[in-house]
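Everything on this sheet refers to the single structure shown next.
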Amino acid sequence: MYLLYADESGDTGLVASPTKYFILSGLVVHETRWRAFLDDIVAFRRHLRATKGLKLREEIHAAPFITNPGPLVRIKRNDQLDILKQCLDFLGNRSDISLCTVVVNKTTKSVGYDVFESAWQALIQRFDNTMRNRTTPALLPTSAGWCCPTTPTAANSLPSCDACGTTIPCPTTLLTKPKARDTATWRYNP
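Here UniProt numbering is used: the first residue of the sequence shown is 1, the next is one more, and so on.
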């Protein structure tokens with residue numbers, strides 16, 4: 001099973017909206033990689049706490065870091081920008097996740113256009129296409145399904161199926177009742 005973590009930016013209003021865009025991003029990770037990925041996130045956040053003074057429970061938002069850091073003003077500006085860069089590098093160097101983003105330019109939409117519904121439909125369609133086309137990182141397509149390698153490989157090479165620990169049947173449908181969690185109240189407790 002694949003887990004999709006989604007977050008949005010901007011608002012869905014078309015009239016008198018303070019934002020030009022509504023953005024919906026999703027991070028996809030397979031259930032067999034979820035725990036290791038979460039542990040890596042916690043280790044990364046601890047690294048940021050030790051090296052930059054960013055508390056574990058403080059959220060990382062690009063706009064406040066760049067324009068109005070509020071309580072994060074205690075962190076030097078160049079360190080704030082470095083935190084953002086390290087976040088991008090952390091995600092970009094991972095081979096076990098997929099990222100997909102939908103950007104709706106609201107200025108080109110007519111009144112009555114459902115920004116929220118359309119963005120979610122597009123995100124779910126991209127998620128479904130990734131699964132159907134077997135383009136998910138860290139898994140190898142086989143005739144039986146997806147193969148999950150158990151041994152790491154060099155960054156520029158794919159493992160062979162001889163190194164597989166698990167074969168996962170290809171999913172054909174999406175979960176119809178997703179579980180929404182508010183990041184302000186939900187906490188990971190290892």
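Quick reminder that beta carbons are idealized off the backbone N, C-alpha and C, glycines included.
Between the Cα of residue i and the Cα atoms of the options, which residue gives the shortest distance?
i, options, result
"A119", "G10, L84, R94 and R46", "G10"
"V103", "M1, K20 and T51", "K20"
At which residues does the beta strand (DSSP E) containing residue i begin and terminate?
i, result
"N105", "I97 to N105"
Helix, strand or coil for residue i? Go by DSSP, reduced to three states.
i, result
"V29", "strand"
"I75", "coil"
"L3", "strand"
"I124", "helix"
"L140", "Confidence in L140 is poor, its pLDDT being 47 and thus under 50, which makes the residue's placement unreliable; the coordinate value appears in the next sentence. L140: strand per DSSP, three-state reduction."
"S9", "strand"
Straight-line CA distance for residue i to residue j?
i, j, result
"R132", "R77", "43 Å"
"T101", "L54", "26 Å"
"T108", "S17", "13 Å"
"I75", "A36", "29 Å"
"V73", "G92", "27 Å"
"I66", "L4", "27 Å"
Between which two residues does the alpha helix (DSSP H) carrying residue i extend?
i, result
"A16", "Unbroken run through A16: none, as it is neither H nor E."
"I66", "A62 to I66"
Original post:
Do the region 82-100 and the region 20-32 meet, that is, are 3 or more Cβ pairs less than 8 Å apart?
Top reply: At 8 Å Cβ cutoff, the stretches touch.
**OP:** Count the CB pairs spanning the region 59-71 and the region 83-91 that are closer than 8 Å, and state whether there are at least three.
**Re:** Using a C-beta cut-off of 8 Å, the region 59-71 makes contact with the region 83-91, since at least three inter-stretch Cβ pairs fall below that distance.
Subject >> Segment contact, 8 Å Cβ cut-off, at least three pairs: the region 111-128 with the region 11-25 >> reply: Short answer: they touch.
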